[in-house]
């Protein structure tokens, strides 16, 4: 029987990072996926969301991989404050990736990072700093935060102002579009054409920039808003994930 375990790990600066994981029963090292949640409408439950929804167990058993989820600073049991996808959030994700690499059940060469909404913003930035990711899946994200801020609702603008500030450095540290030259991982972009929070043009522009940089990228645009229905995402990511987690075959 698979179960989910909770861990508190060090971000690297003494702050706690909460991580949940489910491991396959097999002792042969296999792939791993790390989920990074989005905004939660004030609930702030962090990675617990993937436990409650059954996501971790579903991915673990369905793909026979280690499935994990990390709580961003200010969410769940991770130490805050929240910094809207900024350096502390990125360090928390990288600490979680390091934790996964050390697990006996994990093949460090087959780790996929999966970010949703604000989790996609931060995960795209992590992809620019961690060159050995097998792949990255980014769902409903923004990749040029300044442009997104200028087009955002009053509520989202307030959140960005409070958590990140409005300096050019703050925007640059959260805008993967300006760091594509450092991204190496194959990328799958999932986005709603009618997304009211993250304009689809953000995904289209990022996809074009990755292509220009020589990064393999696939963009799926769905007829929906910011919240992509699970069945849409599953259909788009199933074959991608199976390919990412296939053991590398070598011929002698």
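In this note's numbering, the protein residues as written are 41 to 292. A virtual CB, placed ideally from N, CA and C, is assigned to each residue, including glycine.
Please report how far the alpha carbon of residue 283 lies from the alpha carbon of residue 259, in whole angstroms.
Start at 1 with the first residue of the chain shown, and residue 283 comes out as number 243. Start at 1 with the first residue of the chain shown, and residue 259 comes out as number 219. About 16 Å.
CA-to-CA distance, residue 110 to residue 136, given in whole angstroms
For the purposes of this step, residue 136 is taken as residue 96 along the chain shown, with counting starting at 1. For the purposes of this step, residue 110 is taken as residue 70 along the chain shown, with counting starting at 1. Distance between the alpha carbons of residue 136 and residue 110: 7 Å.
Residue 244 versus residue 171: straight-line alpha-carbon distance, rounded:
For the purposes of this step, residue 244 is identified with residue 204 of the chain shown, where counting begins at 1. For the purposes of this step, residue 171 is identified with residue 131 of the chain shown, where counting begins at 1. Taking the straight line from one Cα to the other gives about 23 Å.
What are the start and end residues of the alpha helix (DSSP H) that includes residue 65?
On the chain shown, position 25 is the one that residue 65 refers to. Residue 65 -> no alpha helix (DSSP H), and no H or E assigned at all.
With respect to the beta strand (DSSP E) encompassing residue 46, which residues constitute its N-terminal and C-terminal limits?
Translated into the one-based positions of the chain shown, residue 46 becomes position 6. Element bounds for residue 46: 44-50.
Per DSSP, residue 108 forms a beta bridge with which residues?
By one-based count along the chain shown, residue 108 stands at place 68. Partner(s): 61 and 74.
Whole angstroms is fine: what's the gap from residue 65's alpha carbon to residue 42's?
Counting from 1 along the chain shown, the entry for residue 65 is found at position 25. Counting from 1 along the chain shown, the entry for residue 42 is found at position 2. Looking at the two C-alpha atoms, the distance is approximately 7 Å.
Beta-carbon proximity check, residue 175 vs residue 250, cutoff 8 Å
Your numbering for residue 175 matches position 135 in the chain shown. Your numbering for residue 250 matches position 210 in the chain shown. Not in contact: residue 175 and residue 250 (Cβ atoms no closer than 8 Å).
Grab me the residues of residue 121's own chain with a C-beta within less than 7 Å of its C-beta, minus the 5 sequence neighbours each way, in chain order.
Translated into positions along the chain shown, residue 121 becomes position 81. Only 113 and 114 meet the Cβ criterion.
Per DSSP, the bridge partner or partners of residue 175
In the chain shown, counting from the first residue as 1, residue 175 sits at position 135. Answer by DSSP bridge pairing, in chain order: 152 and 226.
Can you give me the start and stop residues for the alpha helix (DSSP H) that residue 137 sits inside?
Your numbering for residue 137 matches position 97 in the chain shown. For residue 137, the enclosing alpha helix (DSSP H) has its first and last residue at 127-141.
With a threshold of 16 other CB atoms inside 10 Å of the CB of residue 116, please say whether the residue is buried or exposed.
Locating residue 116 in the chain shown gives position 76, where the first residue counts as 1. Result: buried.
For residue 61 and residue 48, I'd like the C-alpha separation in whole angstroms.
As a position in the chain shown, residue 61 is number 21, starting the count at 1. As a position in the chain shown, residue 48 is number 8, starting the count at 1. Distance between the alpha carbons of residue 61 and residue 48 is about 11 Å.
Whose C-alpha, out of 128, 133, 257 and 129, is nearest the C-alpha of residue 177?
Here residue 177 refers to the residue found at position 137 when the chain shown is read from its first residue. Just measuring C-alpha positions, the residue of 128, 133, 257 and 129 sitting nearest residue 177 is 257.
DSSP three-state assignment for residue 262, whether helix, strand or coil:
As a first step, residue 262 is located in the chain shown; it is residue number 222 there, counting from the start. Strand, per DSSP.
Contacts around residue 265, its chain only, beta-carbon distance under 6 Å, and the 5 residues preceding and following it disregarded
By one-based count along the chain shown, residue 265 stands at place 225. Cβ neighbours of residue 265 beyond the five flanking positions: 232, 234, 235 and 236.
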